[in-house]
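Working notes, structure below.
2 protein chains.
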Amino acid sequence: MSSLLGQSFIGFTRSQSQAKPYRAVNPATATALAPDFFAATAGEVDRACELAAQATPQLAATSGHKKAVLLRDIATRIESATPALVARATQETGLPEARCQGEIGRTMGQLRLFADLVEKGDWVDARIETANPDRKPLPKPDHRSMLRPIGPVAVFCASNFPFAYSVAGGDTASALAAGCPVIVMAHHAHVGTAEIMASLIVEAVKANGLPEGTFSLIMGEGRVVGQQVAKHPALRAIGFTGSRTGGRALMDSAAARPTPIPVYAEMSSVNPIVLLEGALAARGDAIATGLLGSCTLGVGQFCTQPGLIVLVRSAASEAFVAKLSSLFTEAADGVMLTAGIHQAYQKGVTTRSAQAGVKLLAQGKSSGQPNRGVAALFATEAKTFVAEASLQDEIFGPSSLIIWCHHAQEVDATIGALHGNLTATLHGTDVELIANAPLLTKLEAIAGRVVINGFPTGVEVSHAIVHGGPYPSLSDGRTTSVGSNAIYRFTRLTCYQTFPDAALPAELQNANPLNLSRLLNGTRSSAAL
Amino acid sequence: MSSLLGQSFIGFTRSQSQAKPYRAVNPATATALAPDFFAATAGEVDRACELAAQATPQLAATSGHKKAVLLRDIATRIESATPALVARATQETGLPEARCQGEIGRTMGQLRLFADLVEKGDWVDARIETANPDRKPLPKPDHRSMLRPIGPVAVFCASNFPFAYSVAGGDTASALAAGCPVIVMAHHAHVGTAEIMASLIVEAVKANGLPEGTFSLIMGEGRVVGQQVAKHPALRAIGFTGSRTGGRALMDSAAARPTPIPVYAEMSSVNPIVLLEGALAARGDAIATGLLGSCTLGVGQFCTQPGLIVLVRSAASEAFVAKLSSLFTEAADGVMLTAGIHQAYQKGVTTRSAQAGVKLLAQGKSSGQPNRGVAALFATEAKTFVAEASLQDEIFGPSSLIIWCHHAQEVDATIGALHGNLTATLHGTDVELIANAPLLTKLEAIAGRVVINGFPTGVEVSHAIVHGGPYPSLSDGRTTSVGSNAIYRFTRLTCYQTFPDAALPAELQNANPLNLSRLLNGTRSSAAL
Chain A
1 MSSLLGQSFI GFTRSQSQAK PYRAVNPATA TALAPDFFAA TAGEVDRACE
51 LAAQATPQLA ATSGHKKAVL LRDIATRIES ATPALVARAT QETGLPEARC
101 QGEIGRTMGQ LRLFADLVEK GDWVDARIET ANPDRKPLPK PDHRSMLRPI
151 GPVAVFCASN FPFAYSVAGG DTASALAAGC PVIVMAHHAH VGTAEIMASL
201 IVEAVKANGL PEGTFSLIMG EGRVVGQQVA KHPALRAIGF TGSRTGGRAL
251 MDSAAARPTP IPVYAEMSSV NPIVLLEGAL AARGDAIATG LLGSCTLGVG
301 QFCTQPGLIV LVRSAASEAF VAKLSSLFTE AADGVMLTAG IHQAYQKGVT
351 TRSAQAGVKL LAQGKSSGQP NRGVAALFAT EAKTFVAEAS LQDEIFGPSS
401 LIIWCHHAQE VDATIGALHG NLTATLHGTD VELIANAPLL TKLEAIAGRV
451 VINGFPTGVE VSHAIVHGGP YPSLSDGRTT SVGSNAIYRF TRLTCYQTFP
501 DAALPAELQN ANPLNLSRLL NGTRSSAAL
Chain B
1 MSSLLGQSFI GFTRSQSQAK PYRAVNPATA TALAPDFFAA TAGEVDRACE
51 LAAQATPQLA ATSGHKKAVL LRDIATRIES ATPALVARAT QETGLPEARC
101 QGEIGRTMGQ LRLFADLVEK GDWVDARIET ANPDRKPLPK PDHRSMLRPI
151 GPVAVFCASN FPFAYSVAGG DTASALAAGC PVIVMAHHAH VGTAEIMASL
201 IVEAVKANGL PEGTFSLIMG EGRVVGQQVA KHPALRAIGF TGSRTGGRAL
251 MDSAAARPTP IPVYAEMSSV NPIVLLEGAL AARGDAIATG LLGSCTLGVG
301 QFCTQPGLIV LVRSAASEAF VAKLSSLFTE AADGVMLTAG IHQAYQKGVT
351 TRSAQAGVKL LAQGKSSGQP NRGVAALFAT EAKTFVAEAS LQDEIFGPSS
401 LIIWCHHAQE VDATIGALHG NLTATLHGTD VELIANAPLL TKLEAIAGRV
451 VINGFPTGVE VSHAIVHGGP YPSLSDGRTT SVGSNAIYRF TRLTCYQTFP
501 DAALPAELQN ANPLNLSRLL NGTRSSAAL
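Chains A and B, in that order, are what the protein sequence lines are.
Its first residue numbered 1, the first sequence is counted upward by one per residue in this note's numbering.
Its first residue numbered 1, the second sequence is counted upward by one per residue in this note's numbering.
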């Protein structure tokens with residue numbers, strides 16, 4: 001590992017065209033970290049996009065096996081560099097060492113999941129309709145279709161996941177797996193971590209003989225550089241994790257391009273959790289303990305943090321809220337990711353405290369150290385909540401809002417008023433779950449993942465996970481940003497008509513050389529033709 | 001079949017809130033057709049959208065079998081009503097009876113394809129990850145995912161397909177198959193056909209016990225009513241086939257909504273066809289005959305009409321162009337769909353004739369009857385074409401532009417300058433096809449379907465067809481509007497965590513009651529758990 005240079009990776013070239021530096025800051029101590037970093041210029045951004053465009057055909061023609069080797073090689077290099085990555089990331093983010101270790105493990109797991117997926121190859125959904133020259137009134141031509149890479153993808157790193165949703169994170173892994181070049185915007189909060197990670201990826205790209213332009217890392221302080229990338233004509237898709245304002249700005253820019261492109265922006269989610277009376281009566285204390293943990297995990301800086309708690313007033317729910325309030329009061333504060341996030345959290349808590357009809361029930365302990373987020377539990381009435389849309393705004397951090405309902409109809413009205421979310425959770429007894437099937441349907445309508453008798457934090461990386469939901473939780477609620485289904489965000493359908501066998505991609509050739517499961521005249525088959 | 005009322009279908013209710021009428025016009029004779037039609041008011045549009053929203057949960061819970069019965073019932077009713085449909089459509093569109101018969105057959109075929117797809121049920125991509133309570137450091141929860149309907153869909157009818165891309169066309173069939181309510185905007189040119197078709201669908205919805213709001217038909221004269229629908233908060237997706245201006249206006253409206261929604265707008269395509277010298281030498285006359293047929297089929301009013309012909313100057317290509325010119329000169333004119341389309345075609349031909357560097361090579365015969373489109377063949381040099389983007393604009397009708405190249409590099413430059421298209425075609429000998437693999441890659445990059453040694457008109461309805469391509473051929477080039485893959489446009493991924501078996505959709509239950517092929521812990525299986 002060479003020492004940090006603070007420069008962008010424009011393809012294989014370290015690049016620094018401007019002199020004005022910026023630095024990462026250790027949020028735990030509020031002190032700047034060496035060395036200087038240098039935002040990319042418009043010229044550097046252009047060059048990265050042009051290199052990506054040039055790399056596109058070769059990457060699109062790269063076999064699943066070769067892409068798998070690349071992804072696994074990146075994972076192996078990350079494994080070797082883990083001490084350096086953890087050392088820098090803990091300084092830049094204030095996240096504990098164990099969390100960084102765990103997130104690096106998750107990141108390698110993501111890369112290997114996509115490696116296995118593309119090595120197996122079935123994901124391309126190969127379909128063959130053989131010719132029928134005798135069909136009347138017209139002969140039927142030979143048609144073969146599969147998913148192909150969409151082209152250059154820009155990935156914006158997340159503040160709250162320096163590994164799993166940053167340089168070598170889920171978006172990069174799924175885009176590379178699909179066969180797309182990737183241009184990553186480093187997050188200014190963890191640029192040093194980004195530089196180490198980018199050097200590993202560039203080494204892997206070189207070692208595996210893939211073209212320059214397969215990967216670039218753009219240093220920058222956010223929107224200016226990001227908008228330059230988003231408007232570049234070579235770009236074909238954007239992956240983003242961040243604020244609703246930032247995500248919507250990218251969506252609007254992408255929609256206004258001469259050639260609009262898809263934006264997958266994960267923006268904000270308040271993850272409602274509905275607690276039914278029987279569940280509270282049977283295990284209210286356990287739910288309170290679990291919920292406190294879910295609300296304050298990672299100082300509440302997870303997109304699946306449960307920010308809304310919906311319940312009907314009863315003896316059991318009153319006891320539950322009393323218990324939860326006492327747990328919040330005992331909660332220790334924690335270092336937030338950046339001074340900006342901490343300020344936004346404090347402002348959010350202050351604003352909500354002053355909001356008409358909202359009561360601050362409990363606040364956690366404050367150590368008085370810099371940038372510490374203190375847990376906060378609020379309460380309001382369902383009527384107030386339904387009438388005031390701003391109560392659905394995410395306060396990014398360890399804060400939750402209890403919504404008191406008078407009866408089940410108010411629960412329905414509350415859920416009916418909700419915007420889109422990544423998750424929605426229901427706690428109930430077996431009897432209550434059966435009786436509340438319509439409520440489950442309502443929760444499904446506003447969330448990508450519905451959880452029963454659990455907590456929404458903790459997102460599996462698997463084939464069945466969905467991390468996405470209706471707007472504004474995700475800009476494109478059809479898709480997921482986590483798990484193997486995420487590869488479909490960076491693909492487009494392509495059909496080959498009457499191609500000679502040798503001119504077809506291997507996935508569609510008669511002999512089925514990759515031994516794929518294919519849809520052959522409507523029937524699934526791995527047979528050769 | 002009752003006689004035409006000229007009113008919208010707002011759910012099950014015939015509705016007419018305003019007095020100002022409009023009429024369809026027979027383009028062959030330029031005479032208005034009885035009866036009067038009445039555009040829907042904003043209130044009627046609202047009511048249709050609200051009914052659709054109300055129908056959403058019941059439709060989403062409707063089994064694949066029941067949806068299949070509905071789709072087949074609609075097809076059967078269309079079969080019975082074919083004489084009435086043909087009688088009205090031939091008057092409203094000027095299309096010959098045989099074409100209308102054929103298109104009705106195609107429409108029934110689409111409905112039955114989707115019926116078979118949803119009855120089989122595998123399309124939902126059911127995935128199960130079973131729990132592992134012993135996993136370290138954290139237990140693995142049970143996760144199950146599948147595709148679910150996206151919600152109410154607005155469908156805008158196409159001028160050029162009164163059946164296959166109109167009221168009961170591909171978008172309606174795929175949206176209903178996915179389980180989405182549909183609100184159709186009738187095309188003003190064939191409102192009577194729309195009314196007959198809508199009455200059949202409403203009868204089928206009623207007969208099958210599906211909720212009011214499953215289907216509505218909105219009468220109107222285009223953009224005003226369309227924009228009202230597109231902005232309605234209940235709407236979740238839009239399917240559109242029409243002009244680039246109209247499609248882009250819908251895209252921009254949908255992107256500017258508080259909650260943006262996907263728009264699938266098929267807008268314009270010039271379908272480049274590259275002719276290599278060996279192919280022209282071997283079978284130039286046959287290619288000319290085939291190409292004339294493809295260019296003038298249906299008076300050129302197909303989105304896959306080959307509007308650009310790219311070739312390198314040689315003895316063979318000069319002979320080919322001479323032959324094609326003589327065929328164009330002999331071509332008979334034909335009734336275009338509307339006076340507006342005919343005027344736009346004439347204007348396009350006039351403008352192109354006057355364009356610097358463009359030569360009008362040949363024009364077909366004119367009968368002097370109203371609204372007849374006369375074939376027109378133009379030629380230009382590659383350099384002129386590459387420098388002038390407007391030469392890529394679609395002239396909707398029987399017009400094509402020959403692009404003369406000096407050498408293969410100019411062919412590459414021409415293809416490299418092209419915007420997105422539905423199709424791209426290459427004619428070559430076996431030896432040429434092998435030598436031109438990079439050219440095929442370039443064609444693939446700008447089209448959803450690549451055709452070898454054939455013609456792009458004639459779009460199969462199958463599992464492997466792709467009718468979609470990069471912008472502006474389709475607003476969302478990831479997808480297709482034809483074939484079974486079209487169902488994925490109206491779905492969203494949903495994940496169920498730790499659900500009791502009885503609360504899961506049948507597709508995800510342990511016993512696998514629908515006998516689906518599912519992804520079970522990463523392996524394809526139709527086994528029960």
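Virtual Cβ for every residue (Gly too), placed ideally from N, Cα, C.
Keep in mind the model is a prediction, meaning the values are calculated, not measured.
*Using DSSP with H/G/I as helix, E/B as strand and the rest coil, what is A/Met-1?*
Mapped onto the first sequence, residue 1 of chain A falls at position 1. With a pLDDT of 44 at A/Met-1, under the threshold of 50, the modelled position of that residue is not reliable, and the figure given next carries that caveat. A/Met-1 falls in the coil class under three-state DSSP.
_First and last residue of the uninterrupted beta strand (DSSP E) at B/Val-182_ = Taking the first residue of the second sequence as position 1, residue 182 of chain B is located at position 182. B/Val-182 -> beta strand (DSSP E) spans 182-185.
*Beta-carbon of B/Ile-104 versus every beta-carbon of chain A: anything under 7 Å?*
Residue numbering aside, residue 104 of chain B sits at position 104 when the second sequence is read from its first letter. Under the 7 Å criterion on CB atoms, B/Ile-104 is classed as non-interfacial with respect to chain A.
*Beta-carbon gap between A/Leu-5 and A/Ser-159 smaller than 7 Å*: Taking the first residue of the first sequence as position 1, residue 5 of chain A is located at position 5. Taking the first residue of the first sequence as position 1, residue 159 of chain A is located at position 159. Result no, Cβ atoms of A/Leu-5 and A/Ser-159 do not sit closer than 7 Å.
*Which class does A/Lys-120 belong to by DSSP, given the choice of helix, strand or coil?*
What you label residue 120 of chain A is simply residue 120 of the first sequence in a count that begins at 1. A/Lys-120: helix per DSSP, three-state reduction.
*With 16 other CB atoms within 10 Å as the buried threshold, where does A/Ile-128 fall?*
By one-based count along the first sequence, residue 128 of chain A stands at place 128. A/Ile-128 is buried by the Cβ-count criterion.
*Leaving out five residues on either side along the sequence, give the residues of the same chain with a beta carbon under 8 Å from the beta carbon of B/Leu-33.*
The sequence position of residue 33 of chain B within the second sequence is 33, counting from 1. Arg-23, Ala-24, Val-25, Asn-26, Gln-91, Glu-92, Gly-192, listed in sequence order.
*Residues that B/Glu-129 contacts on chain A, provided the C-beta gap is smaller than 8 Å*: Here residue 129 of chain B corresponds to residue number 129 of the second sequence, with the count starting at 1. Among the residues of chain A, those whose CB is under 8 Å from the CB of B/Glu-129 are Glu-460, Ser-462, His-463, Ala-464, Ile-465, following chain order.
*Name, going along the chain, the residues of the region 46-67 of chain A whose beta-carbon falls closer than 9 Å to a beta-carbon of chain B.*
The residues in question are Thr-56, Pro-57, Ala-60, Ala-61.
*With a CB to CB cut of under 8 Å and the five nearest residues on each side skipped, what residues in its chain are close to A/Glu-221?*
For this step, residue 221 of chain A is matched to residue 221 along the first sequence. Excluding positions up to five away in sequence, the list reads Tyr-22, Ala-39, His-188.
*Kindly indicate if chain B contains any beta-carbon less than 7 Å away from that of A/Thr-296.*
Position 296 of the first sequence holds residue 296 of chain A. For A/Thr-296, not one C-beta of chain B is nearer than 7 Å to its own C-beta.
_For B/Thr-380, the residue or residues it bridges with in DSSP_ = For this step, residue 380 of chain B is matched to residue 380 along the second sequence. Per the DSSP secondary-structure output, B/Thr-380 pairs in a beta bridge with B/Val-358, B/Ile-403.
*At a Cβ threshold of 7 Å, is B/Ile-452 touching chain A?*
In the second sequence, residue 452 of chain B corresponds to position 452, counting from 1. By this cut-off, B/Ile-452 is an interface position.
*Measure how close the beta-carbons of A/Arg-77 and A/Leu-176 come, nearest whole angstrom, since I'm counting them as under 8 Å.*
Here residue 77 of chain A refers to the residue found at position 77 of the first sequence. Here residue 176 of chain A refers to the residue found at position 176 of the first sequence. Not really, about 14 Å apart at Cβ, beyond 8 Å.
*Do you know offhand how far A/Ile-487's Cα is from A/Leu-235's?*
Counted from its first residue, the first sequence places residue 487 of chain A at position 487. Counted from its first residue, the first sequence places residue 235 of chain A at position 235. Straight-line measurement puts the Cα of A/Leu-235 at about 17 Å from the Cα of A/Ile-487.
*Go ahead and label B/Asn-132 buried or exposed: buried means 16 or more other beta carbons lie within 10 angstroms of its beta carbon, across all protein chains shown.*
As a first step, residue 132 of chain B is located in the second sequence; it is residue number 132 there, counting from the start. That one is exposed.
*Count the other CB atoms, across all protein chains shown, that sit within 10 Å of the CB of A/Gly-135; report buried if there are 16 or more and exposed otherwise.*
Along the first sequence, read from residue 1 onward, the residue named residue 135 of chain A stands at position 135. Per the sequence shown, residue 135 of chain A should be read as Arg rather than Gly. A/Arg-135 should be labelled exposed.
*A/Asn-132 by DSSP, collapsed to three states: which one?*
In the first sequence, residue 132 of chain A corresponds to position 132, counting from 1. Strand at A/Asn-132.
_N-terminal and C-terminal residue of the beta strand (DSSP E) that A/Tyr-22 is part of_ = For the purposes of this step, residue 22 of chain A is taken as residue 22 along the first sequence, with counting starting at 1. Its beta strand (DSSP E) spans residues 21-26.
*B/Arg-197 (DSSP reduced to helix, strand or coil)*: Locating residue 197 of chain B in the second sequence gives position 197, counting from the first residue. According to the sequence displayed, residue 197 of chain B carries Met and not Arg. B/Met-197 falls in the helix class under three-state DSSP.
*Would you mind giving the Cβ-Cβ distance between B/Ala-527 and B/Leu-520, rounded to the nearest angstrom? I have them listed as a contact below 8 Å.*
To locate residue 527 of chain B, count along the second sequence from 1; it is residue 527. To locate residue 520 of chain B, count along the second sequence from 1; it is residue 520. The pair is a contact, with the Cβ atoms about 7 Å apart (cut-off 8 Å).
*For A/Val-358, which residues of its own chain have a beta-carbon under 8 Å away from its beta-carbon, when the five flanking residues on both sides are left out?*
The residue given as residue 358 of chain A occupies position 358 in the first sequence. So the list reads Arg-352, Phe-378, Ala-379, Thr-380, Thr-384, Leu-391, Leu-401, once near-sequence residues are dropped.
*Compute the Euclidean distance between the alpha carbons of A/His-467 and B/Thr-498, then round it to the nearest angstrom.*
What you label residue 467 of chain A is simply residue 467 of the first sequence in a count that begins at 1. What you label residue 498 of chain B is simply residue 498 of the second sequence in a count that begins at 1. In this structure, the alpha-carbon of A/His-467 lies about 16 Å from that of B/Thr-498.
*Just the chain B side, please: which residues come within less than 7 Å of A/Leu-138 by C-beta, in chain order?*
Residue numbering aside, residue 138 of chain A sits at position 138 when the first sequence is read from its first letter. Those are Gly-458, listed as they occur along chain B.
*is_contact[A/Pro-500, chain B] using C-beta, thresh 7 Å*: Position 500 of the first sequence holds residue 500 of chain A. Taking CB atoms only, A/Pro-500 has a neighbour in chain B less than 7 Å away.
*C-beta contact flag for A/Ser-473 and A/Gly-420 at 7 Å*: For the purposes of this step, residue 473 of chain A is taken as residue 473 along the first sequence, with counting starting at 1. For the purposes of this step, residue 420 of chain A is taken as residue 420 along the first sequence, with counting starting at 1. For A/Ser-473 and A/Gly-420, yes; Cβs fall inside 7 Å.
*How far does the beta strand (DSSP E) with A/His-143 in it reach, from first residue to last?*
Here the question's residue 143 of chain A lines up with position 143 in the first sequence. Residue range 143-149 is occupied by the beta strand (DSSP E) that includes A/His-143.
*How big is the Cα-Cα spacing for A/Thr-214 and A/Gly-179?*
By one-based count along the first sequence, residue 214 of chain A stands at place 214. By one-based count along the first sequence, residue 179 of chain A stands at place 179. One Cα belongs to A/Thr-214, the other to A/Gly-179, and the distance between them is close to 9 Å.
*Leaving aside the five residues before and after A/Ser-294 along the sequence, list all residues of the same chain whose C-beta is less than 6 Å from its C-beta, in chain order.*
Locating residue 294 of chain A in the first sequence gives position 294, where the first residue counts as 1. Cβ neighbours of A/Ser-294 within its own chain (closer than 6 Å, five residues either side excluded): Pro-306, Phe-455, Thr-457.
*If we count the other Cβ atoms within 10 Å of its Cβ and call it buried at 16 or more, is B/Lys-67 buried or exposed?*
Locating residue 67 of chain B in the second sequence gives position 67, where the first residue counts as 1. Buried, by the Cβ-count rule.
*Using a Cβ-Cβ distance under 7 Å, would B/Arg-23 count as near chain A?*
Translated into positions along the second sequence, residue 23 of chain B becomes position 23. B/Arg-23 does not count as touching chain A.
_Sub-7 Å separation of A/Pro-181 and A/Pro-152 beta-carbons_ = Residue numbering aside, residue 181 of chain A sits at position 181 when the first sequence is read from its first letter. Residue numbering aside, residue 152 of chain A sits at position 152 when the first sequence is read from its first letter. Result yes, Cβ atoms of A/Pro-181 and A/Pro-152 sit closer than 7 Å.
*DSSP state of B/Val-202, grouped into three classes?*
Taking the second sequence and counting its residues from 1, one reaches residue 202 of chain B at position 202. Looking at B/Val-202 - three-state DSSP - the assignment turns out to be helix.
*asked:* Distance cutoff 7 Å, beta carbons only. Does B/Thr-441 sit that close to anything in chain A?
replied: Stepping through the second sequence from its first residue, residue 441 of chain B is reached at position 441. Residue-level contact check: B/Thr-441 touches chain A, since one or more beta carbons of chain A fall below 7 Å from its beta carbon.
*Give the single residue among A/Leu-504, A/Leu-422, A/His-407 whose Cα lies nearest to the Cα of B/Arg-449.*
Along the second sequence, one-based indexing puts residue 449 of chain B at 449. Nearest option by C-alpha distance: A/Leu-504.
*asked:* Check whether chain A comes within 7 Å of B/His-232, counting only Cβ atoms and requiring the distance to be less than that.
replied: Within the second sequence, the letter at position 232 stands for residue 232 of chain B. By this cut-off, B/His-232 is not an interface position.
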